[in-house]
Amino acid sequence: MLQKQENFMSMCGATDDYMTANAGIVGGIVALQASHNTLKGDIAIVKGYQMIQDTNITGWAGKKGEKKTEAIDITMKIVSGVTGYALFKNDKVLFEEVNYTKSKLEGMRDEEVDVACNIVNAKATAVGFPALADYGLVAGDLAAQTAAIGVYVAVKQMPSGKEDEKQVATKGIADTITKIRLNFDIMDRLVKTLSVSQPEFVTNYFNAREIYDLGGGKEKPPTP
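Every position in the sequence shown, counted from 1, becomes a number in the numbering used here once 11 is added.
Structure follows, in structure tokens:
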């Protein structure tokens, strides 16, 4: 990864940490929470591509299997909570939409697993919190699932040749950073709506959004 990209991802990590630490404020705006979850997922995708850059093809199947298992395990926790909620509400449609078993997910083709996991994530997000809190789930579970899916999506795309894999990873990092920048365009504007009610939060958010260059200067986010 290029130094400029590393600096950018360090800023993303700092911003993610700050928003996670202020989940109470972030969660007050549904769209802001959604943007934060998207940021978490995209950070995970970039980390997955970094692993592709840093890992030889040897042992790759094991690595892919490991990340698939992690995505399935956190998905099954969410399945348990949402199906419990659906049964209590007698919502048969929701129950059927998310009633996956671990063995069913494990038996799916690679290209189907993340689709199923994302369906569960979307349905849980639609139910929302605190409705799911009584069923053993918190907002952090969805964020963790989004991140796990993101890593799996990145690592499952490993091509057969070492040169090809690095080219895919390099392009994947660049494309994902472009996507993150677009998400920040939205997130920055949403944060600015809190300028009157939460001025300290807004100030510290934009401080976290500064990109510090080891060469000297720093890049500030554009004012929305």
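Note that the Cβ used here is the ideal one computed from N, Cα and C, for glycine as well. Since this is a predicted model, take the numbers as computed values, not measurements.
Cβ pair count under 8 Å reaching 3, the stretch 149 to 164 against the stretch 117 to 136: yes
CB contact flag (Y60, I184, <8 Å): On the sequence shown, position 49 is the one that residue 60 refers to. On the sequence shown, position 173 is the one that residue 184 refers to. Contact flag set, yes.
Same chain, Cβ closer than 8 Å to G38, five either side skipped, listed in chain order: On the sequence shown, position 27 is the one that residue 38 refers to. So the list reads Q44, F140 and A150, once near-sequence residues are dropped.
For I40, three-class secondary structure by DSSP: Numbered from 1 along the sequence shown, position 29 holds the residue referred to as residue 40. Note: I40 maps to coil in three-state DSSP.
Outcome for F99 when other beta-carbon atoms lying within 10 angstroms are tallied against a minimum of 16: For the purposes of this step, residue 99 is taken as the residue at position 88 of the sequence shown. Exposed.
CB of C23 within 8 Å of CB of I54, strictly: In the sequence shown, the residue the question calls residue 23 occupies position 12. In the sequence shown, the residue the question calls residue 54 occupies position 43. In contact: C23 and I54 (Cβ atoms closer than 8 Å).
CB-CB length for N218 against S46, believed under 8 Å: Along the sequence shown, read from residue 1 onward, the residue named residue 218 stands at position 207. Along the sequence shown, read from residue 1 onward, the residue named residue 46 stands at position 35. Not confirmed; about 18 Å, so no contact.
Inter-residue Cα distance where the pair is V213 and I56: Here the question's residue 213 lines up with position 202 in the sequence shown. Here the question's residue 56 lines up with position 45 in the sequence shown. About 27 Å.
Nearest residue (CA-CA) to I197, options A144, K113, V104 and N48: For the purposes of this step, residue 197 is taken as the residue at position 186 of the sequence shown. Nearest of A144, K113, V104 and N48 to I197, Cα basis: N48.
Alpha-carbon spacing of D186 relative to M87, whole angstroms: As a working note, residue 186 is residue 175 in the sequence shown. As a working note, residue 87 is residue 76 in the sequence shown. Computed Cα separation, rounded: 30 Å.
Min CB distance E221 to chain C below 8 Å: Protein chain content of the structure displayed is limited to a single chain, and chain C is not contained in it.
Exposure label - A144; buried when at least 16 CB within 10 Å: Here residue 144 refers to the residue found at position 133 when the sequence shown is read from its first residue. Exposed, because fewer than 16 other Cβ atoms sit within 10 Å of the Cβ of A144.
Spatial distance of A32 from G92 (CA atoms): The residue given as residue 32 occupies position 21 in the sequence shown. The residue given as residue 92 occupies position 81 in the sequence shown. C-alpha separation (whole angstroms): 24 Å.
Where F217 sits in the DSSP three-state scheme: For this step, residue 217 is matched to residue 206 along the sequence shown. If DSSP states are grouped into helix, strand and coil, F217 belongs with the helices.
4-residue-minimum alpha helix (DSSP H) runs that sit fully inside the stretch 52 to 136, ordered along the chain: DSSP runs (the alpha helix (DSSP H)) wholly in the stretch 52 to 136: 71 to 99, 103 to 109 and 113 to 117.
Span of the alpha helix (DSSP H) around A142: In the sequence shown, residue 142 corresponds to position 131, counting from 1. Premise fails: A142 is in no alpha helix (DSSP H) and is neither H nor E.
Residue of V124, K190, I36 and M20 minimising C-alpha distance to K167: As a first step, residue 167 is located in the sequence shown; it is residue number 156 there, counting from the start. Among V124, K190, I36 and M20, the Cα nearest to that of K167 belongs to V124.
Between the CA atoms of K103 and I83 - distance to the nearest angstrom: Within the sequence shown, the letter at position 72 stands for residue 83. Within the sequence shown, the letter at position 92 stands for residue 103. Using only the alpha carbons, I get a separation of about 23 Å.
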